[in-house]
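Participant: If you scroll down you'll find the structure; I have some questions about it.
There are 2 protein chains.
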Amino acid sequence: MLTSTTSESQSVDDAANDVLLPLYQRLAAHYSAAIELGSLKPGERMPSVRELMARHDISLSTALQVLRFLEAQGCLEARPRVGYFVCATKAGDIPLTSEPDLSQPLSPGAHAHFVGINEHISLLLERGRQAEVYMDIGGCTPPASLFDHHYLNKTVTRLLREHPTLLSQGRSLLANQGNHPLFQQAMARRALASGIRVAPADVLATTGNSEAVSLALAAVASPGDMVAVESPTYYGLLQVVESLQLKTLEIPCSPRTGMSIEALELAFQTQPRLKAVVVVPDLQMPVGARMPDENKARLVALCAAHGAALIEDDSYGLFVEGLPVKPLKAWDSVSGHVIYCQAFNKSLAPGLRQGWMNGGQWHGRIQMLKFAQSRNTQTLGQLVVAEVLGSPTHQRSLEKLRQQLKRQREAMARLVARHFPLGTRMSLPSGGLCLWLEFPAQLSTSDLFTAALAGGIRIAPGSMFSNSGRYEHCMRLACTHPVDELMERAMQDLGAMACRQLGQNPRS
Amino acid sequence: MLTSTTSESQSVDDAANDVLLPLYQRLAAHYSAAIELGSLKPGERMPSVRELMARHDISLSTALQVLRFLEAQGCLEARPRVGYFVCATKAGDIPLTSEPDLSQPLSPGAHAHFVGINEHISLLLERGRQAEVYMDIGGCTPPASLFDHHYLNKTVTRLLREHPTLLSQGRSLLANQGNHPLFQQAMARRALASGIRVAPADVLATTGNSEAVSLALAAVASPGDMVAVESPTYYGLLQVVESLQLKTLEIPCSPRTGMSIEALELAFQTQPRLKAVVVVPDLQMPVGARMPDENKARLVALCAAHGAALIEDDSYGLFVEGLPVKPLKAWDSVSGHVIYCQAFNKSLAPGLRQGWMNGGQWHGRIQMLKFAQSRNTQTLGQLVVAEVLGSPTHQRSLEKLRQQLKRQREAMARLVARHFPLGTRMSLPSGGLCLWLEFPAQLSTSDLFTAALAGGIRIAPGSMFSNSGRYEHCMRLACTHPVDELMERAMQDLGAMACRQLGQNPRS
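Keeping their order, the protein sequence lines are chains A and B.
Under UniProt numbering, residues 1 to 508 are what the first sequence spells out, in order.
Under UniProt numbering, residues 1 to 508 are what the second sequence spells out, in order.
Set out below in structure tokens:
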């Protein structure tokens, strides 16, 4: 059962207090908090339109909006001519995903095989691309509507006015490596705020994070070497590893605390060609784990002791509320074996594909590879990020985005609880863009992917997130879209398909 | 001696006819044509300011501009209180670079070695970066002043107005691979105009050309395999090859007709691991060769016969005047073994870093690698290129850029003839961004690089353009900067340094 009721209700109160939201959403948040806390119990009748109008001094249309919004989020169900009732299901009814065996790397049969994940993923992506869908809950990039595009565009226009030759200016290859000093300074300043000391000159601009991780791996490992990754992991990483002719070793990842240090330790003892470890320490993709500081310190020390590179993707830490998270790199004070990567695709401007990295002791080699393989990174993107990132406007946007994602995660969790098969388990991450679902073992999400596509819904099946085949009954559920009636329909359809596969009756 | 007098004078007439140029430049072009044709002979007196004013009905300041411009270009020299005189040297006095032995690949001692060119080049670039210089004739990107930045910026602003969420729109990874349909259509249309049939769906957007060539090589060759390249070649290519742990085999390149087909044929017979050939068929970088159609057809057939990939960089073909050049890909009608790459960095907007490729039979694998290594290419750059490329405004800009580059190449050639050591030889390409110089064999351009840097001038020494060590007495001379008094000073200084190294007296 749900263990985090307090933080859940806390979050709902936050939403209710968010004066930036429309009135009906604030009221809806108030009532969904009451439902979470049990003040309004499943099956109970919700105050009527008339009562809401009187109680909150609101118009008829606002009262209706409140009820419809709560209905769309799965908190209420309408009984025609009777009224709205609190739903029997809420996120808390869904058990947490199971804790894997953290004591050892995944069994030898499942590891280090060169199973053509690239081809598997490419085929899935291609099939997804060919299909006409009305809802995409596979991809995890927030839609454009969640970003402040006016501010972004104004910034671009202003930058072009201030630097009229920005686009026609090539950076002399002999004069620099295409890293704009303003961008370098801005990133170094940010890094310092999270406890990392990086000289501005050691900031390397990259095209998103895939390029960064790809360069890092190319710099530290040779074909045939082994790379430890979290299991499950972001499929893009599996593609990078395979495209560099490296082998993956999957290390179990707790949905709460992330990569198992014990299993990694064992891996180092048995795998001499284990040269690098890739980790998303905060809001791991896809399970949403956050590594406790103690584990971070142990992980950094363990990799140092075995002379392995520790490659850190800190792009999702931006979605953690409160103080900046402390990245692994902050513990790397002596040996420089942590390679830090961060991208702003998901948090600032998906269309810009701007990121940066610091390669620690391999920085020179990484710079060389970057320069050989793709030369300079575009200057415009660097300047936009440097300008926008520190601005109060962006801070407010990011906070709004976090709150919106939290509401969407909660609403999606309720829809899962309401429509998905009995026996489904689910992660409950403290932030981020998705939920990780575990269906009863006999369900195949590869089959569900096919059925869903035929029904106009695109999902990301578990087989994309591992070489081991052990997540066939799992899927990643994007929470990036606002939860509206269309989403409710999609979730209801998907839940019914999953129930049918398991021989259960649809839940609703 | 100069063999191309007709085309030279033709070109000057073209400039004189270019109504877009300021009056003084048109008059200067008229006189430099007269000098080239011999109507005004070396040592003869140039009409005086007063004569020019009367003859062309121009103002004093215009007449002075004409004379100073011709002086800066090396056509005239001023004798104080006497007047201007036609210089004794002009480009035609410099012999063409020598034709290499085209019968075989470079000697076994020089080929296929893994000599750390990346490190060598990185060190040179780093030394160049550290130095304060007043003139960079090493890098070959045209300065921002040669591009129409108003038009570019207006296009960006308009695109952001028409597509307000361009920067905040992520492309769903499941929905496509980040290639914008408008960009794909525009490229496919262009390709058709040069004789290539590519379906829009088979256009892959890339970040510049290094990424394209890097992806192509990664798709067709494995570590330890061999890649044939032109000798000399663009140093970036040597870096890509080395960073992928491949080996280079240098094939002699005629300054007139490009890569030697005979030598390549011999290479295929002796090198079983030769998997790919990389060629710049038009305006080869750095020697400026243009491969005749007959050679193109033979090259395509030869690679097909040996099952090798032929990777073509067609970025410089844009600088050829007249009809579109016919790329190698146009001869690849059956086997799809030609991989076509084109970038617009140097011709449209150096700051955008936009390019595209079609991978022929390896297109699927290249797409997969691209997606794994750097995901989508930014959409903004794709749309800007798609919009700008076909516009009459850009056609005019590109034509102006070509004319300007031609004048600059001619002016730089005159400065070489005037200031550089006796015995210097030089390429005379029919277009493009640079000249290739061959000094007498005992001169070391590595030493010249060091001396020039100390004197505030950055050059690109011959050792950057080969693994073979055979271009130590050569250098690439960028012709991308307008030739002004500062340039004349730089060329005079550099010439004097080179003369000193050879024990010659400075020429001027």
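In this text, a Cβ means the ideal position worked out from N, Cα and C, and glycines have one as well.
Which word fits S59 of chain A, buried or exposed, when buried means at least 16 other C-beta atoms lie within 10 angstroms of its C-beta?
Facilitator: By one-based count along the first sequence, residue 59 of chain A stands at place 59. When all chains shown are included, S59 of chain A counts as exposed.
Participant: With 9 Å as the limit, tell me which residues of the region 371-391 of chain B have their beta carbon closer than that to any beta carbon of chain A; keep them in chain order.
Facilitator: Listed by position, the residues of the region 371-391 of chain B near chain A (Cβ gap below 9 Å) are F371, A372, Q373, S374, R375, N376, T377, Q378, T379, L380, G381, V384.
Participant: May I ask you to report which of helix, strand or coil DSSP gives M368 of chain B?
Facilitator: Position 368 of the second sequence holds residue 368 of chain B. Of the three classes helix, strand and coil, the one that applies to M368 of chain B here is helix, per DSSP.
Participant: Spatial neighbours of H363 of chain A within its chain, please: C-beta separation below 6 Å, excluding the five flanking residues on both sides.
Facilitator: Residue mapping note: residue 363 of chain A aligns to position 363 of the first sequence, counting from 1. Here the set comprises D202.
Participant: Given that a residue counts as buried once 16 or more other Cβ atoms are within 10 Å of its Cβ, and exposed if not, what is T270 of chain A?
Facilitator: Counting from one through the first sequence, the residue named residue 270 of chain A turns up at place 270. Exposed, since its Cβ has fewer than 16 Cβ neighbours within 10 Å.
Participant: Would you say N358 of chain A reaches chain B, if we count a Cβ-Cβ gap shorter than 8 Å as a contact?
Facilitator: Mapped onto the first sequence, residue 358 of chain A falls at position 358. Not closer than 8 Å to any Cβ of chain B, the Cβ of N358 of chain A fails to qualify, so no.
Participant: Checking the sheet assignment: what are the DSSP bridge partners for residue 509 of chain B?
Facilitator: Past the edges of chain B, shown from 1 to 508, lies residue 509 of chain B, and the structure says nothing about it.
Participant: Could you tell me how far apart the beta carbons of M464 of chain A and Y235 of chain A are, in whole angstroms, since I believe they sit closer than 8 Å?
Facilitator: The residue given as residue 464 of chain A occupies position 464 in the first sequence. The residue given as residue 235 of chain A occupies position 235 in the first sequence. At roughly 4 Å, the Cβ-Cβ gap stays under 8 Å, so M464 of chain A and Y235 of chain A are in contact.
Participant: So with Cβ pairs under 8 Å, would you call N505 of chain A a contact of chain B?
Facilitator: Residue 505 of chain A sits at position 505 when you count from the first residue of the first sequence. Output row for N505 of chain A: interface = no.
Participant: Is it true that the region 351-360 of chain B meets the region 333-342 of chain B, where meeting means three or more beta-carbon pairs spaced less than 8 Å apart?
Facilitator: A contact exists between the region 351-360 of chain B and the region 333-342 of chain B.
Participant: Considering only residues of the same chain and omitting the five flanking positions on each side of P181 of chain B, which have a CB-CB separation below 6 Å?
Facilitator: Looking up residue 181 of chain B in the second sequence gives position 181. There are no such residues.
Participant: Which residues in chain A sit within 9 Å of S214 of chain B, going by Cβ to Cβ distance?
Facilitator: As a first step, residue 214 of chain B must be located in the second sequence, where it is residue number 214. Simply A372, Q373, S374.
Participant: Please classify R79 of chain A: does DSSP put it in a helix, a strand, or coil?
Facilitator: Counted from its first residue, the first sequence places residue 79 of chain A at position 79. Here R79 of chain A sits in strand by DSSP.
Participant: Nearest CA to the CA of S449 of chain A: which residue from A:G423, A:A498, A:V416, A:W436?
Facilitator: On the first sequence, residue 449 of chain A is found 449 positions in, with the first residue counted as 1. Ser is not the amino acid found at residue 449 of chain A; the sequence shown has Phe there. Of the candidates A:G423, A:A498, A:V416, A:W436, the one whose C-alpha sits nearest the C-alpha of F449 of chain A is A:A498.
Participant: Compare the Cα-Cα distances from A218 of chain B to each of B:I459, B:E242, B:E230, B:G195 and report the closest residue.
Facilitator: Here residue 218 of chain B refers to the residue found at position 218 when the second sequence is read from its first residue. It is B:E242.
Participant: Strictly under 8 Å for the Cβ-Cβ distance: is R26 of chain A near chain B by that measure?
Facilitator: To locate residue 26 of chain A, count along the first sequence from 1; it is residue 26. Judged by the 8 Å Cβ criterion, R26 of chain A is not in contact with chain B.
Participant: Starting from the C-beta of F114 of chain A, find all residues in its chain whose C-beta is less than 6 Å away, skip the five residues before and the five after it, and write them out in chain order.
Facilitator: One-based indexing of the first sequence puts residue 114 of chain A at position 114. At F114 of chain A the pLDDT is 44, less than 50, meaning the model places this residue with poor confidence and gives no usable figure here.
Participant: Let's test the definition: count the other Cβ atoms within 10 Å of the Cβ of A267 of chain A and tell me whether it reaches 16, buried, or not, exposed.
Facilitator: In the first sequence, counting from the first residue as 1, residue 267 of chain A sits at position 267. Per the 10 Å Cβ criterion, buried.
Participant: Going by C-alpha to C-alpha distance, which of B:L274, B:F344, B:S231 sits closest to S260 of chain B?
Facilitator: Sequence index remark: in the second sequence, residue 260 of chain B carries index 260 (1-based). Checking every option, the nearest Cα to that of S260 of chain B belongs to B:S231.
Participant: I'd like the list of long-range same chain contacts for N345 of chain B, defined as Cβ closer than 8 Å, with 5 residues on each side in sequence excluded.
Facilitator: For the purposes of this step, residue 345 of chain B is taken as the residue at position 345 of the second sequence. Here the set comprises T141, G208, N209, S315, L352, R353, Q354, G355.
Participant: For the alpha helix (DSSP H) that contains P181 of chain B, what are its first and last residues?
Facilitator: As a working mapping, residue 181 of chain B is identified with position 181 in the second sequence. Unbroken alpha helix (DSSP H) run through P181 of chain B: 181-193.
Participant: Excluding the 5 residues flanking T157 of chain A on each side, which residues of the same chain have their C-beta closer than 8 Å to its C-beta?
Facilitator: Sequence index remark: in the first sequence, residue 157 of chain A carries index 157 (1-based). So the list is empty, once near-sequence residues are dropped.
Participant: For chain A, check one thing: does any of its Cβ atoms lie closer than 8 Å to the Cβ of G236 of chain B?
Facilitator: Within the second sequence, the letter at position 236 stands for residue 236 of chain B. Yes - at least one Cβ of chain A is within 8 Å of the one on G236 of chain B.
Participant: Mapping the DSSP letters down to three states, classify Y84 of chain B as helix, strand or coil.
Facilitator: Position 84 of the second sequence, counting from 1, holds the residue named residue 84 of chain B. In this structure, Y84 of chain B counts as strand in the three-state DSSP scheme.
Participant: Nearest-angstrom Cα distance between L310 of chain A and C303 of chain A?
Facilitator: Walking along the first sequence from the start, residue 310 of chain A turns up at place 310. Walking along the first sequence from the start, residue 303 of chain A turns up at place 303. Their Cα atoms are separated by approximately 6 Å.
Participant: If you count every other CB in all the chains shown that lies within 10 Å of the CB of D57 of chain B, and 16 or more means buried, which is it?
Facilitator: Sequence index remark: in the second sequence, residue 57 of chain B carries index 57 (1-based). By the 10 Å Cβ count, D57 of chain B comes out exposed.
Participant: Can you give, in chain order, each stretch of the beta strand (DSSP E) that sits fully within the region 246-334 of chain A and has at least 3 residues?
Facilitator: Listed in chain order, the complete beta strand (DSSP E) runs (minimum 3 residues) inside the region 246-334 of chain A are 247-254, 274-279, 309-313.
Participant: For Q378 of chain B, count neighbouring C-beta atoms within 10 Å of its own C-beta (all shown protein chains included) and say buried if the count is 16 or more, exposed if not.
Facilitator: Reading the second sequence from its first residue, position 378 is the one you call residue 378 of chain B. Burial call: buried.
Participant: Could you check which residue in A:V416, A:T248, A:V287 has the C-alpha nearest to that of P105 of chain A?
Facilitator: Here residue 105 of chain A corresponds to residue number 105 of the first sequence, with the count starting at 1. With distances taken between Cα atoms, P105 of chain A lies closest to A:T248.
Participant: Do you know whose CA, among A:P47, A:G43, A:S446, A:P22, lies nearest Y31 of chain A's CA?
Facilitator: Numbered from its first residue, the first sequence carries residue 31 of chain A at position 31. Here the closest residue by C-alpha is A:P47.
Participant: I'd like to know whether the C-beta of H149 of chain A is nearer than 8 Å to at least one C-beta of chain B.
Facilitator: The residue labelled residue 149 of chain A in the question sits at position 149 within the first sequence. Judged by the 8 Å Cβ criterion, H149 of chain A is in contact with chain B.
Participant: What did DSSP end up calling C474 of chain B once you bin it into helix, strand or coil?
Facilitator: The residue labelled residue 474 of chain B in the question sits at position 474 within the second sequence. DSSP places C474 of chain B in strand when its eight states are reduced to three.
Participant: Take A490 of chain A and list the residues in its own chain whose beta-carbon comes closer than 6 Å to its own, dropping the five residues that flank it on each side.
Facilitator: Numbered from 1 along the first sequence, position 490 holds the residue referred to as residue 490 of chain A. Here the set comprises M135, I457.
Participant: Just to confirm my understanding: we take V220 of chain A, look at its own chain, exclude 5 residues before and 5 after, and list those with CB closer than 7 Å. What are they?
Facilitator: Along the first sequence, one-based indexing puts residue 220 of chain A at 220. Same-chain partners within the cutoff: K275, A276, A309, W362.
Participant: Taking Cβ positions, are D293 of chain B and K329 of chain B nearer each other than 8 Å?
Facilitator: Against the second sequence, residue 293 of chain B aligns to sequence position 293. Against the second sequence, residue 329 of chain B aligns to sequence position 329. No. Outside cutoff.
Participant: Checking 8 Å against the spacing of the C-beta atoms, do F420 of chain B and G336 of chain B come in under that value?
Facilitator: Residue mapping note: residue 420 of chain B aligns to position 420 of the second sequence, counting from 1. Residue mapping note: residue 336 of chain B aligns to position 336 of the second sequence, counting from 1. Cβ atoms of F420 of chain B and G336 of chain B: not closer than 8 Å.
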